[in-house]
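Some notes on the structure that comes next.
Number of protein chains: 4
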Amino acid sequence: MNSSTPSPKRTLKEGNIIDAAEKVFAAVGFANSKMEDIAKEAGISKGTVYFYFDTKENLYMAVTYRALNLLNDQLYRTRDTYKNATGLESVIALAETYLDFCNKYFFYAEVILDYMTLNRSTQLGKDRARMTDALKESMYYRKVQDIQNLPINLISEEITKGVQDGSILNRQRPELLYLTAWGSVIGFVKLNVAAGSGRQTLHHVDIGEWRTYLLQVLKYILLHNE
Amino acid sequence: MNSSTPSPKRTLKEGNIIDAAEKVFAAVGFANSKMEDIAKEAGISKGTVYFYFDTKENLYMAVTYRALNLLNDQLYRTRDTYKNATGLESVIALAETYLDFCNKYFFYAEVILDYMTLNRSTQLGKDRARMTDALKESMYYRKVQDIQNLPINLISEEITKGVQDGSILNRQRPELLYLTAWGSVIGFVKLNVAAGSGRQTLHHVDIGEWRTYLLQVLKYILLHNE
Amino acid sequence: MNSSTPSPKRTLKEGNIIDAAEKVFAAVGFANSKMEDIAKEAGISKGTVYFYFDTKENLYMAVTYRALNLLNDQLYRTRDTYKNATGLESVIALAETYLDFCNKYFFYAEVILDYMTLNRSTQLGKDRARMTDALKESMYYRKVQDIQNLPINLISEEITKGVQDGSILNRQRPELLYLTAWGSVIGFVKLNVAAGSGRQTLHHVDIGEWRTYLLQVLKYILLHNE
Amino acid sequence: MNSSTPSPKRTLKEGNIIDAAEKVFAAVGFANSKMEDIAKEAGISKGTVYFYFDTKENLYMAVTYRALNLLNDQLYRTRDTYKNATGLESVIALAETYLDFCNKYFFYAEVILDYMTLNRSTQLGKDRARMTDALKESMYYRKVQDIQNLPINLISEEITKGVQDGSILNRQRPELLYLTAWGSVIGFVKLNVAAGSGRQTLHHVDIGEWRTYLLQVLKYILLHNE
DNA sequence: CATGAATGAGGCTTCATTCAT
DNA sequence: GATGAATGAAGCCTCATTCAT
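Residue numbers (numbering that gives the first Met the number 0), protein chains in the order written: chain A, 0 to 225; chain B, 0 to 225; chain C, 0 to 225; chain D, 0 to 225.
Printed below as a string of structure tokens:
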């Protein structure tokens, strides 16, 4: 509705609440999070949370927006850094950026993956519908929608660039490469997320080692036409 | 606790309830599922559901158990079919089996991934603790624990077999290969799940084509040392 | 949805809850009534109230339905009693019946008047809309709608009968007579309601005396053409 | 308490707020009205509303006071206009004035009736008591009390005048006549209000026609002894 | 005086679970 | 074994009111 820039003070306050929400959501999951707890975590009252975020769903979407935004920032920064490098180098750097992002902002990675699942579920009763509606009416939901495709677009562009500058030899379509590569990374992340943030090994495999190997495979895929 | 074989009648009834629970969980997610709905879906009363499953969590674990069991069945069947084939062929066939499984029963795939997330979250309040406890006391939770490692063990064995019979040339440790391969597959599944079960294309890429390419990459990984 | 007759037990229980709701609504008004209080008044738990009435609004409508139903019963009974009398006598008896009803079931009279105001208010925000929706979806709302016109139809018929049998001499249209007569009665009731149920006098006028005079006027209206 | 004349500026501001309050109360009723909405409607902030009216109840009473005041004004004006006419003519003119008032400001008519209901309800919990107390402490509540009897006194006087000057032949006590007449008018108004403000017909009866007939009946009552 | 952020008591409603029949 | 009525602990959200700026 109001597209004017919000006051810096308001933005700051919202930020504090999102900080708190993040912690609580990350700790116990959306369903088990109570607005009361989030308020307490933020050191304010429940009412104040509602003053800034009219719905629990909207607050969750604000977290998602922040996560996606941060990811985009980092991807764009990497892209700019590698402006003069080859497409291959850029793509690998982007993959590393994403892996680092997931490692550093563990919960954000989860939230972003969660978001992708949101539109799925078939309605069974009205309640679900109501919840979905609440979500879709949320301002942040629309904000997220606006930027959800940025990562894929960015990476696809860099793959295309690599194909054109000859650094990427694989002649599959960029989208196919993107999906395969991204899928590998997501799988890596998902397995790590599932295992928990603190883990250093999974099934006796050192995660750093796995990471290195994954990047090797990605590079391999990009370099070979088969 | 009671290790005597349950009556066939009881098993049948439980099966019907799990059928219903699956549908409801898949449709609206665990948190939004109501025991009432599950009972209705099963055509029985809420009380009866509780007669067979003392907790919502336990019912969910029963679904997980079924999912994992089914996956194991299919993997074992594939392994047996390829008993006399090379390790490489066996491993690729197992990957295909898993992809088919995820495609056909994609809710099961999700449930199995979900299971891995269960033990994670830090406690903030008592509720979470209570829920986790309820879960861990559930009979099906223990049943799931008993078989959770079967897939990875099975696949690792086949990779080892492939290494020994010379069909797999990659000299990385089987577990590392397993994780990389499984991660790729999970990413594939996850992206498909996120997109929705009915889709035929994703980002203009035909899913069958993607699948074929993914298997190619897997084979490639196994065949090349580095 | 389910048009089968509810079990007598259920009907009985619902009746008890409506009894309690009546008392609470009458005592403090709809807005100030709490479901908790109603439950306590009925000697049951809040949850049980919701088992029978899914909404506070629906419960209120159930009260309205009962009120309107009771009024209809009494009017029909009077009509039957005066089946062989003149239309004039019947109409006067109906007026007396209504006055008695309002006197005896004070709160019911209010509820019925309230109902008439329901569809009015212009929406300003969504909340109001939501409340109205909750109301209109309520089963009892529809039940009330089905019988809301019975009184006016009944009385109009009797006026018509009186015109035909020559006992009512006023040649105005029955509807006009009905509105004028009914309006007088409603005004009487409304002023009494406003004053409170226990009052014997209003502005130094004995209410019984007023009632007698009102009936006189009504008779007068019916007997004189202009 | 403070009997010093308020500044014209303050009076103006209060007036604006009451304007807004009226609209909101009329649209959604007292219980569903939010101070926020009223402030928005007045184009000011919530805090400012509270600066002028310390309580929602007090604001409502201010509306009531305005309504009653306006009615009184109009009745007095009519009385003055008919100073030299007969009592009968004066009374009929007053009835017409009231009908016009109700027609033009029909929310005011409701508010005035509402006011009469205020002192009634039995206490069940503390909330109701608190609300009533808030009301009774309100400055406007006392202001309303001061003028609440003006209409009935005025009309009763005119009836008495009519009896004395021989224009009113009915020998019932003025108060009885007053109540009967007022009741008829209130019923008329109530039925119209219930139907909605915009209606031109009710049950196929033209409202103007009904109004004319009602005045006829009133005149008839006044002119006939019994 | 005006603003609008902050508060927190309170109400409606949900739903896992229990239990009498 | 099955049923479905009963329970009550929670949780989301509202909104009158207060208060610092």
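Each residue gets a CB set at the ideal place from its N, CA and C atoms; glycine is no exception.
Residue-level contact to chain A via CB, residue i, 8 Å cutoff
i: Leu190 of chain B; result: yes
i: Thr179 of chain B; result: yes
i: Ile220 of chain B; result: yes
i: Val204 of chain B; result: yes
i: Leu153 of chain B; result: no
i: Tyr97 of chain B; result: no
i: Met60 of chain B; result: no
i: Met34 of chain B; result: no
Same chain, Cβ closer than 7 Å to residue i, neighbours up to 5 away in sequence not counted
i: Val23 of chain B; result: Ser32, Asp36, Ile37 and Glu40
i: Ala25 of chain D; result: Phe106
i: Lys12 of chain B; result: Tyr51
i: Thr96 of chain A; result: Gln73, Leu74 and Thr77
Inter-residue CB distance, residue i and residue j (contact presumed, cutoff 8 Å)
i: Ile185 of chain B; j: Val90 of chain B; result: With a Cβ gap of about 16 Å, Ile185 of chain B and Val90 of chain B do not count as contacting.
i: Leu213 of chain A; j: Ser183 of chain A; result: 6 Å
i: Ile220 of chain A; j: Asn169 of chain A; result: 6 Å
i: Gly86 of chain C; j: Val188 of chain C; result: Not quite, the Cβ-Cβ distance comes to about 23 Å (not below 8 Å), so this is no contact.
i: Arg78 of chain D; j: Leu153 of chain D; result: 6 Å
i: Pro150 of chain B; j: Leu74 of chain B; result: 6 Å
i: Gln199 of chain C; j: Ile206 of chain C; result: 6 Å
i: Ser137 of chain D; j: Thr54 of chain D; result: 6 Å
i: Glu109 of chain A; j: Val192 of chain A; result: 5 Å
i: Leu67 of chain B; j: Val143 of chain B; result: 6 Å
Close Cβ partners of residue i (< 6 Å) along its chain, the five nearest in sequence each way excluded
i: Tyr139 of chain A; result: Asn57, Met60, Ala61 and Tyr64
i: Glu21 of chain B; result: Val62
i: Lys125 of chain D; result: The predicted model places Lys125 of chain D with a pLDDT of 36, which falls under 50 and marks its position as unreliable; any figure quoted below should be read in that light. Hits under 6 Å: none found.
i: Leu217 of chain B; result: Ala94 and Ala180
i: Leu201 of chain A; result: Ala194
i: Lys160 of chain D; result: Gly86
i: Ile167 of chain C; result: Gly86, Leu87, Gly161 and Leu221
i: Tyr114 of chain C; result: Thr63
is_contact[residue i, chain C] using C-beta, thresh 8 Å
i: Phe187 of chain D; result: yes
i: Gln147 of chain D; result: no
i: Ala30 of chain D; result: yes
i: Ser183 of chain D; result: yes
i: Gln73 of chain D; result: no
Residue i, buried or exposed, once every other Cβ within 10 Å from all chains shown has been counted against 16
i: Ala273 of chain B; result: Because chain B is modelled from 0 through 225, residue 273 of chain B falls outside the range shown and cannot be assessed.
i: Trp209 of chain B; result: buried
i: Arg141 of chain A; result: exposed
i: Ile16 of chain D; result: buried
i: Gly165 of chain C; result: exposed
i: Lys82 of chain A; result: exposed
i: Pro7 of chain D; result: exposed
i: Asn148 of chain C; result: exposed
i: Tyr177 of chain D; result: buried
i: Phe50 of chain D; result: exposed
i: Gln171 of chain A; result: buried
i: Asn224 of chain B; result: exposed
Any chain B beta carbon closer than 8 Å to residue i
i: Ala193 of chain A; result: yes
i: Glu174 of chain A; result: yes
i: Val216 of chain A; result: yes
i: Gln171 of chain A; result: yes
i: Leu168 of chain A; result: no
i: Glu13 of chain A; result: no
i: Glu208 of chain A; result: yes
Same chain, Cβ closer than 8 Å to residue i, neighbours up to 5 away in sequence not counted
i: Leu69 of chain D; result: Phe100, Tyr104 and Tyr107
i: Ser44 of chain C; result: Ala38
Residue i CB to nearest heavy atom of the ligand COA below 7 Å
i: Arg170 of chain A; result: Ligands displayed in this structure: none; no statement on the ligand COA is therefore possible.
Test: residue i CB closer than 8 Å to a CB of chain D
i: Lys201 of chain C; result: The residue you asked about is not Lys; residue 201 of chain C is Leu in the sequence shown. Chain D, which has a Cβ nearer than 8 Å to the Cβ of Leu201 of chain C, makes this yes.
i: Tyr212 of chain C; result: yes
i: Leu112 of chain C; result: yes
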